[in-house]
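Below: the structure, in structure tokens.
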Amino acid sequence: MKNIIKFALLALLIISTNKITAQNNQENDSIISVDLNEVVVSTPFKESVKNNVLNVGKLNLNNLNYIKRLNFSNAIQEIPGVSIISTGPGISKPVIRGLSSNRVTVFNQFMRVENQQWGAEHGMEISGFGVGSVEVIKGPMSVLYGSDAIGGVLYVNPDSYYKGEGSEIELGTIYNSNYQGLTTNLGIKGGSNKLSYLVQASLVDNKDFNTPDGEVENTYFKNSDLKFGLGYTSDNFISDLRVNINDSEIGIPHGEENHDDHDDHDDHDDDDHDDDDHDEDHDEDHEEHEEEKSYQDLTNTMISWKNRFLFENRSEIEFTLGFSSNKRKEFGHHEEEGHDDHDDDDDHDDHDDDDHDDDHDDHDEHGEGPALNMDLETTTFDLKYIFPKSEKLELVFGTNILSQTNTNYGEEELIPDADKRDFGVYALSHIHASKWDVLIGLRTDNRKITTSDFDKNYNSLNASLGFKRDFSTNKIFRLNFSNGYRAPNLSELFSDGVHHGTAQYEIGDRNLNEEKNFQTEISISSFGSDSSFGLDVFYNSVQDYIYLEPTGQTMSSMPVYNYSQADASLMGGELYFSKSTSLDWLSYKTSFEYVSGEKAEGGYLPFISPFTFKHAFNLDFDSNNFKVSIISKGKQNNVGQFETETDSYFLMNLSGSHEFNLTNNNLGFVWSINNLLDTEYYDHLSRFKKMGIHEMGRNISFGLNYKF
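Those letters in the sequence shown? Residues 1 to 708, per the working numbering, in order.
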């Protein structure tokens, strides 16, 4: 609490020393990374950031240091209210106001990302290269996006096409000292008449990273990403075809022995598991595993085709077809005890497809196949009709359809083969009254989940109501009410096995109900020619919140967790301020974030980020830019049952970019020093802290990018 008071006083001091002026409605680009008049595409009315009734945060990656594209997940944390659950440098999951995983819907290349994101050890698998901007809607958006959007939406906009005739080529390379990482990138854009194209390819080769304690074995990360786009534009038809193939290999560390935050449950362990005898066997087995390379091999393919038909009456039809394939293999964890209920060959007759076996005859360096081998294929169809816009009313009607199949081919099954079908219909209207803008939305959804012995439908009716008022050309008040729903995912329903990425044995519950929530948000913002200010406050009530509850037992030498439900609530907000000073070359921005999450029956929700303070100074000298950023996070003592408390920490980062003219083209030199003071700390949202692994130490990066 003392730290919170200190941060609050600091915020008041910063704000009081700078008078917010209001001379025009245009933000200074040196203050924030996006223009307030830039169009938002995550909502259907093509409104600007300023005119949206919903409070949408937007981050333009092209305005950030080129090195930021290396770690897309770190870049999006520039948006207040957004944080990241990480499992090392290779796996990151977005958190919006304390909610993550299947509670946050991610859109990339105009389609929903479905890559088994229910798993704690599964990341977004999105490369920052070839991304133009990111939009974040904080709060339930099931009225537009259906199930799973109860925490919010992360909408990733692909890079735009080259404007005009001709072509543009960009080459880039970046080296990172901490993990001896080398990243190379090639981008090609071009166009002729009504056609446009782009190709983006990047390669990442990162070795094991280092904490201030030393190197952490088997934390390497390799990635290759290929993006292709083909666009066509005419007076009444716009088409955009996008293809993205992302392939990753991510090391899984064993962590430190005996570093377990569940020691207090040891006295409740079930004697039937013969833990003492098993621990001796496990110690012997561990010596063998020390030599064994444990890693994930991931291939994610996304193909989307977006089409817009523009009519003379100013109405519009837009439809998007999408297909994604996520192939996930995990090597190095072959437990002989395995899953007895899956050992019967009769249970797998349906999978003994000779043709498919040829495709999945992968082996690790020891000649063994993957312990886990899962395919997730998803087809989506999104359609909406935007009615002719009048002076007082905008109206859109739409539908979303999803068909998904999960198939296992490995010796272990964490979840069964399953089919999922979604169907939703929605209507959204934007009413322009004399003083207020009003947004009204209504949606109905059905989700059907089917396995060999399970068949269930989940239904929901959702609504949203928003109000916005401009008190002057530079002061905006927003009030939004929205509800959402989330059907339990396959892991929560059927999981029965070890999740090696999180070192837990998880058991699902087929009788889980849908999660439903209702959020109230108040937002106040003010901006001028040289400054901006915003305050967002929210309260989110969640009914039947699904969470993992420790049992005090162990299986396969892992602590056992059951999926349970309880009502919960989250509250908090964000305060952000930015200003260009009287010195032409100096500007700064500050933000404060706070979230609290509790279960109605008592206890706290897991993975809630502590109180966070961020401050950055920008120094611009013509073609030279320097940035000094500070991140401070308070203690987190309000923890879930399976969490450990974390101490506060303070980080300082430096970065710079410099542009030169080379043969009449731009040559950029970029550099950064992250964790300048080589601080040793645990991040509360890092899954590595459970293994006794600190966050990355000092990392010096530098690189070149050349456009011609």
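Note that CB positions come from ideal geometry on N, CA and C, so glycine has one too.
Residues 617 of the same chain have their beta carbon placed closer than 6 Å to that of residue 588, with the five preceding and five following residues left out of the count. Ranked by Cα distance from residue 621, the first of 632, 552 and 583 is 583. If you check the CB distance, residue 410 and residue 376 do not come in under 8 Å. Judged by DSSP secondary structure, residue 386 falls within the beta strand (DSSP E) whose first and last residues are 372 to 386.
8 Å or more divides the Cβ of residue 68 from the Cβ of residue 135. Under the three-state reduction of DSSP output, residue 75 falls in the helix class. In this structure, residue 314 lies away from residue 116, with their beta-carbon atoms at least 8 Å apart. For residue 145, the enclosing alpha helix (DSSP H) stretches over residues 142 to 145. Collapsing the DSSP output to three states places residue 494 in a helix. In this structure residue 568 is not in contact with residue 594, their Cβ atoms being roughly 17 Å apart against a cut-off of 8 Å.
When C-beta atoms of the region 159 to 169 are compared with those of the region 108 to 115, fewer than three pairs fall below 8 Å, so the two segments do not count as touching. Judged by their CB atoms, residue 143 and residue 486 are not nearer to each other than the 8 Å cut-off. Your pair residue 666 and residue 696 does not check out as a contact, with CB atoms roughly 31 Å apart and the cut at 8 Å.
Here the region 520 to 528 does not lie against the region 546 to 554, with fewer than 3 beta-carbon pairs under 8 Å apart. Taken in chain order, the whole beta strand (DSSP E) runs of length 3 or more contained in the region 149 to 192 are 152 to 158, 166 to 176 and 181 to 192.
In its chain, beyond the 5 residues on either side, no residue has a beta carbon closer than 6 Å to the beta carbon of residue 662. Judged by their CB atoms, residue 240 and residue 138 are not nearer to each other than the 8 Å cut-off.
Between residue 640 and residue 606, the C-beta gap is smaller than 8 Å, which places the two residues in contact. Nearest Cα to residue 390 within the set 431, 412, 417 and 406: 431.
Within the same chain, Cβ atoms closer than 6 Å to the Cβ of residue 201 are found at 186 and 226, the five residues on either side in sequence being excluded.
Ranking 540, 539 and 114 by CA distance to the CA of residue 303 puts 114 first.
Of the candidates 56, 70, 387 and 91, 56 places its Cα closest to the Cα of residue 80. Take the alpha-carbon of residue 46 and the one of residue 559: they are about 49 Å apart.
For residue 418, the enclosing beta strand (DSSP E) covers residues 418 to 432. The Cβ neighbour count for residue 149, taken over all protein chains shown within 10 Å, is at least 16; the residue is labelled buried. Counting other Cβ atoms within 10 Å of its Cβ, residue 214 stays below 16 and is therefore classed as exposed.
Looking only at 230, 369 and 229, the smallest Cα-Cα distance to residue 293 is reached by 369.
Shown here, residue 605 sits in coil according to DSSP, grouped into three states, outside any helix or strand.
For the pair of segments examined, the region 193 to 211 was found to touch the region 230 to 237: the number of CB pairs separated by less than 8 Å reaches three. Leaving aside the five residues that flank residue 236 on each side, the residues in its chain whose CB is nearer than 6 Å to its CB run, in chain order, 310. In the structure shown, the three-state DSSP call for residue 252 is coil. Here DSSP, grouped into helix, strand and coil, assigns residue 101 to helix. The beta carbon of residue 392 lies closer than 8 Å to those of 431, 432 and 433 in the same chain, with the five residues before and after it left out. In the structure shown, the three-state DSSP call for residue 660 is strand.
Residue 159 counts as buried, since no fewer than 16 other beta carbons sit within 10 angstroms of its beta carbon.
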